[in-house]
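J.:
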(Lines of atoms letter the chains of each structure in order from A and count residues from 1; the text may use other names and numbers.)
(Lines give C-alpha, C1' and ligand atoms only; values in the text may rest on other atoms or scores of the structure.)
Protein backbone atom coordinates (compact mmCIF):
# COMPACT_ATOMS: atom_id res chain seq x y z
CA UNK A 1 0.00 0.00 0.00
CA UNK A 2 2.83 2.54 0.51
CA UNK A 3 3.71 2.46 -3.19
CA UNK A 4 0.03 2.65 -4.16
CA UNK A 5 -0.49 5.63 -1.84
CA UNK A 6 2.51 7.39 -3.35
CA UNK A 7 1.25 6.72 -6.88
CA UNK A 8 -2.26 7.91 -6.07
CA UNK A 9 -0.77 11.23 -4.93
CA UNK A 10 1.22 11.37 -8.20
CA UNK A 11 -1.02 9.68 -10.81
CA UNK A 12 1.10 10.90 -13.73
CA UNK A 13 4.30 9.23 -12.46
CA UNK A 14 5.14 6.37 -14.81
CA UNK A 15 7.61 4.69 -12.46
CA UNK A 16 5.09 4.58 -9.63
CA UNK A 17 2.34 3.44 -12.02
CA UNK A 18 4.37 0.43 -13.12
CA UNK A 19 5.48 -0.47 -9.60
CA UNK A 20 1.91 -0.21 -8.29
CA UNK A 21 0.48 -2.27 -11.15
CA UNK A 22 3.11 -4.99 -10.67
CA UNK A 23 2.51 -5.12 -6.91
CA UNK A 24 -1.29 -5.19 -7.28
CA UNK A 25 -1.29 -7.79 -10.05
CA UNK A 26 0.56 -10.19 -7.75
CA UNK A 27 -2.16 -10.06 -5.08
CA UNK A 28 -3.78 -13.22 -6.60
CA UNK A 29 -0.49 -15.06 -5.94
CA UNK A 30 -0.77 -14.12 -2.26
CA UNK A 31 -4.46 -15.05 -2.22
CA UNK A 32 -3.53 -18.49 -3.54
CA UNK A 33 -1.12 -19.00 -0.67
CA UNK A 34 -3.45 -17.49 1.97
CA UNK A 35 -6.04 -20.23 1.51
CA UNK A 36 -5.74 -23.92 2.17
CA UNK A 37 -3.14 -25.66 0.01
CA UNK A 38 -4.57 -26.14 -3.48
CA UNK A 39 -4.30 -29.56 -5.09
CA UNK A 40 -3.98 -27.80 -8.46
CA UNK A 41 -2.33 -24.42 -7.76
CA UNK A 42 -2.32 -23.28 -11.40
CA UNK A 43 -6.05 -23.94 -11.73
CA UNK A 44 -6.77 -22.15 -8.44
CA UNK A 45 -4.69 -19.11 -9.49
CA UNK A 46 -6.61 -19.00 -12.79
CA UNK A 47 -9.90 -19.19 -10.84
CA UNK A 48 -8.86 -16.28 -8.60
CA UNK A 49 -7.86 -14.18 -11.62
CA UNK A 50 -11.09 -15.08 -13.43
CA UNK A 51 -13.14 -14.00 -10.41
CA UNK A 52 -11.39 -10.62 -10.36
CA UNK A 53 -11.61 -10.14 -14.11
CA UNK A 54 -15.31 -11.10 -14.21
CA UNK A 55 -16.50 -7.70 -13.04
CA UNK A 56 -13.41 -5.64 -13.84
CA UNK A 57 -12.73 -6.46 -17.46
CA UNK A 58 -11.23 -3.14 -18.58
CA UNK A 59 -9.75 -2.25 -15.19
CA UNK A 60 -8.21 -5.70 -14.83
CA UNK A 61 -6.83 -5.59 -18.39
CA UNK A 62 -5.09 -2.27 -17.73
CA UNK A 63 -3.38 -3.56 -14.57
CA UNK A 64 -2.47 -6.91 -16.12
CA UNK A 65 -1.21 -5.17 -19.24
CA UNK A 66 1.05 -2.80 -17.34
CA UNK A 67 2.34 -5.50 -14.99
CA UNK A 68 3.05 -8.14 -17.62
CA UNK A 69 3.97 -5.67 -20.33
CA UNK A 70 6.67 -4.15 -18.13
CA UNK A 71 7.90 -7.54 -16.93
CA UNK A 72 7.97 -9.24 -20.33
CA UNK A 73 8.76 -6.25 -22.59
CA UNK A 74 5.30 -6.42 -24.10
CA UNK A 75 2.15 -8.46 -23.86
CA UNK A 76 1.03 -10.58 -26.78
CA UNK A 77 -2.25 -12.05 -25.54
CA UNK A 78 -5.27 -10.20 -24.27
CA UNK A 79 -5.02 -6.44 -24.61
CA UNK A 80 -1.66 -5.72 -26.26
CA UNK A 81 0.58 -3.53 -24.10
CA UNK A 82 4.20 -2.48 -24.42
CA UNK A 83 6.03 -0.21 -21.98
CA UNK A 84 5.33 3.30 -23.17
CA UNK A 85 1.80 2.54 -24.37
CA UNK A 86 0.47 4.51 -21.42
CA UNK A 87 -0.36 8.09 -22.32
CA UNK A 88 0.14 11.20 -20.19
CA UNK A 89 -3.01 13.33 -19.91
CA UNK A 90 -2.50 16.86 -18.60
CA UNK A 91 -4.88 18.49 -16.13
CA UNK A 92 -7.92 20.20 -17.59
CA UNK A 93 -7.49 23.90 -18.08
CA UNK A 94 -6.40 26.44 -20.60
CA UNK A 95 -2.91 27.68 -21.25
CA UNK A 96 0.51 26.10 -21.27
CA UNK A 97 0.70 22.77 -19.44
CA UNK A 98 -3.05 22.19 -19.49
CA UNK A 99 -5.33 20.20 -21.77
CA UNK A 100 -8.48 21.91 -22.91
CA UNK A 101 -11.79 20.33 -23.78
CA UNK A 102 -11.44 16.61 -24.63
CA UNK A 103 -7.69 16.74 -23.91
CA UNK A 104 -7.40 17.31 -20.17
CA UNK A 105 -8.32 15.40 -17.05
CA UNK A 106 -10.72 17.17 -14.73
CA UNK A 107 -9.12 16.19 -11.41
CA UNK A 108 -5.45 16.59 -12.34
CA UNK A 109 -2.92 14.88 -14.58
CA UNK A 110 -2.85 11.14 -15.05
CA UNK A 111 -1.86 8.21 -17.22
CA UNK A 112 -4.22 6.38 -19.55
CA UNK A 113 -3.56 2.78 -20.52
CA UNK A 114 -5.17 0.61 -23.20
CA UNK A 115 -8.05 -1.52 -21.99
CA UNK A 116 -10.33 -3.34 -24.39
CA UNK A 117 -11.29 -1.02 -27.22
CA UNK A 118 -10.65 2.07 -25.12
CA UNK A 119 -8.32 3.50 -22.48
CA UNK A 120 -8.71 3.87 -18.71
CA UNK A 121 -6.83 5.94 -16.18
CA UNK A 122 -4.30 3.77 -14.38
CA UNK A 123 -5.07 5.20 -10.93
CA UNK A 124 -8.77 4.39 -11.40
CA UNK A 125 -7.96 0.88 -12.66
CA UNK A 126 -5.67 0.28 -9.70
CA UNK A 127 -8.29 1.47 -7.22
CA UNK A 128 -11.02 -0.73 -8.68
CA UNK A 129 -8.62 -3.69 -8.80
CA UNK A 130 -7.80 -3.33 -5.09
CA UNK A 131 -11.43 -2.89 -4.11
CA UNK A 132 -12.37 -6.04 -6.05
CA UNK A 133 -9.65 -8.01 -4.29
CA UNK A 134 -11.06 -6.98 -0.92
CA UNK A 135 -14.68 -7.55 -1.98
CA UNK A 136 -14.17 -11.01 -3.48
CA UNK A 137 -11.66 -12.29 -0.91
CA UNK A 138 -12.63 -10.64 2.40
CA UNK A 139 -11.26 -13.51 4.51
CA UNK A 140 -7.74 -12.95 3.19
CA UNK A 141 -7.59 -9.21 2.58
CA UNK A 142 -8.69 -6.72 5.19
CA UNK A 143 -11.19 -4.13 4.08
CA UNK A 144 -9.63 -1.80 1.55
CA UNK A 145 -11.33 1.50 0.95
CA UNK A 146 -10.42 4.46 -1.26
CA UNK A 147 -9.61 6.40 1.91
CA UNK A 148 -6.64 4.01 2.34
CA UNK A 149 -4.85 5.67 -0.55
CA UNK A 150 -6.62 8.94 -1.26
CA UNK A 151 -7.20 11.39 1.58
CA UNK A 152 -10.09 13.14 -0.19
CA UNK A 153 -12.21 10.04 0.52
CA UNK A 154 -13.58 9.51 3.99
CA UNK A 155 -13.67 6.00 5.53
CA UNK A 156 -17.06 4.29 5.17
CA UNK A 157 -17.23 3.48 8.88
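Residue numbers (our numbering): 262 to 418.
For every residue, glycine included, the Cβ atom is placed at its ideal position computed from N, Cα and C.
1. Whole-angstrom Cβ separation of residue 323 and residue 283, contact assumed at under 8 Å?
2. Looking at residue 312: is its Cβ nearer than 7 Å to the Cβ of residue 397?
3. Alpha helix (DSSP H) containing residue 268: first to last residue?
4. Going along the chain, which unbroken runs of the alpha helix (DSSP H) with 4 or more residues stay wholly within the stretch 279 to 336?
5. So which of 408, 388 and 380 has the shortest CA-CA distance to residue 319?
6. So what does residue 379 bridge to, in DSSP terms?
7. Using beta carbons (cut-off 7 Å, strictly below), is residue 383 in contact with chain C?
8. Using only CA atoms, which one of 393, 300, 279 and 301 lies nearest to residue 345?
9. Can you tell me whether residue 349 is buried or exposed? The criterion is at least 16 other CB atoms within 10 Å of its CB, across all chains shown.
10. Which term fits residue 371, buried or exposed, when burial requires 16 or more other beta carbons within 10 angstroms of its beta carbon?
11. What is the rounded straight-line gap between the Cα of residue 281 and the Cα of residue 294?
12. Less than 7 Å separating the beta-carbons of residue 355 and residue 366?
13. Just to confirm before moving on: does the CB-CB distance between residue 317 and residue 376 stay below 7 Å?
14. Can you tell me which of 273, 302, 364 and 285 puts its alpha carbon nearest to the alpha carbon of residue 262?
T.: If we stick to the structure as given:
1. As a first step, residue 323 is located in the chain shown; it is residue number 62 there, counting from the start. As a first step, residue 283 is located in the chain shown; it is residue number 22 there, counting from the start. Not really, about 13 Å apart at Cβ, beyond 8 Å.
2. As a first step, residue 312 is located in the chain shown; it is residue number 51 there, counting from the start. As a first step, residue 397 is located in the chain shown; it is residue number 136 there, counting from the start. Closer than 7 Å, so yes.
3. As a working mapping, residue 268 is identified with position 7 in the chain shown. From DSSP, the alpha helix (DSSP H) with residue 268 extends over 263 to 270.
4. 288 to 295, 302 to 315 and 318 to 332
5. As a position in the chain shown, residue 319 is number 58, starting the count at 1. With distances taken between Cα atoms, residue 319 lies closest to 380.
6. The count along the chain shown starts at 1 and reaches residue 379 at position 118. Looking at the DSSP assignment, residue 379 forms a beta bridge with 376.
7. Here chain C cannot be found, since the structure has a single protein chain.
8. Within the chain shown, residue 345 is the residue found at index 84, counting from 1. Ranking 393, 300, 279 and 301 by Cα distance to residue 345 puts 279 first.
9. The sequence position of residue 349 within the chain shown is 88, counting from 1. By the 10 Å Cβ count, residue 349 comes out exposed.
10. As a working mapping, residue 371 is identified with position 110 in the chain shown. Burial call: buried.
11. For this step, residue 281 is matched to residue 20 along the chain shown. For this step, residue 294 is matched to residue 33 along the chain shown. So the alpha carbons of these two residues sit roughly 21 Å apart.
12. Stepping through the chain shown from its first residue, residue 355 is reached at position 94. Stepping through the chain shown from its first residue, residue 366 is reached at position 105. No.
13. Taking the first residue of the chain shown as position 1, residue 317 is located at position 56. Taking the first residue of the chain shown as position 1, residue 376 is located at position 115. No, the Cβ-Cβ distance between residue 317 and residue 376 is not below 7 Å.
14. Along the chain shown, one-based indexing puts residue 262 at 1. Among 273, 302, 364 and 285, the Cα nearest to that of residue 262 belongs to 285.
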